[in-house]
Structures are given as C-alpha cells and as structure tokens.
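Chemist: For the sequence shown, this note's numbering assigns the number 277 to the initial residue and increments by one for each residue that follows. Questions regarding the structure given below will be posed in turn.
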Amino acid sequence: MAPFTDFLPYVGCRITIINTDKFEALPPKIQQAINEAFEVLEQSDEEARY
C-alpha cells in the first residue's frame, strides 16, 4: 500500500483507507494490527467529503 494513493495518514490515531480491496488483501494479522492502532470508521465517499 502506498501513502496518498491507497491510504491517507492523519494527525493522531486516524487513517483513511482509500483502496479497500488492497486493505482486504492484506494478511489478517496486518489488518488486525491496523484496526487496533487506528480509530476505525466506515464512511461512504459522499460522507467522507463532508
């Protein structure tokens, strides 16, 4: 995964995953580590714009 292409880092414990297909292709152990390290919120494209 490449920054600003597949995900956007934010200040603090937030991350925006743009390419969910790539995220879901990661090994479960990596997905779990990311979910534990960051605040996880799911939003549609439209919700994320506001």
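We treat Cβ as the ideally placed atom computed from N, Cα and C, and that holds for glycine.
If you measure between the beta carbons of T281 and I291, is that distance less than 9 Å?
Modeler: Taking the sequence shown and counting its residues from 1, one reaches residue 281 at position 5. Taking the sequence shown and counting its residues from 1, one reaches residue 291 at position 15. No, the Cβ-Cβ distance between T281 and I291 is not below 9 Å.
Chemist: Check whether the Cβ of P285 lies closer than 8 Å to any heavy atom of the ligand COA, and answer yes or no.
Modeler: The model depicted lacks the ligand COA and carries no ligand whatsoever.
Chemist: In whole angstroms, what separates the C-alpha of Y286 from that of P304?
Modeler: By one-based count along the sequence shown, residue 286 stands at place 10. By one-based count along the sequence shown, residue 304 stands at place 28. The straight-line gap from Cα to Cα measures roughly 23 Å.
Chemist: Determine which residues share a DSSP beta bridge with L284 and list them.
Modeler: To locate residue 284, count along the sequence shown from 1; it is residue 8. Its beta-bridge partners are T292.
Chemist: On the three-state DSSP scale, how would you describe E315?
Modeler: Looking up residue 315 in the sequence shown gives position 39. Looking at E315 - three-state DSSP - the assignment turns out to be strand.
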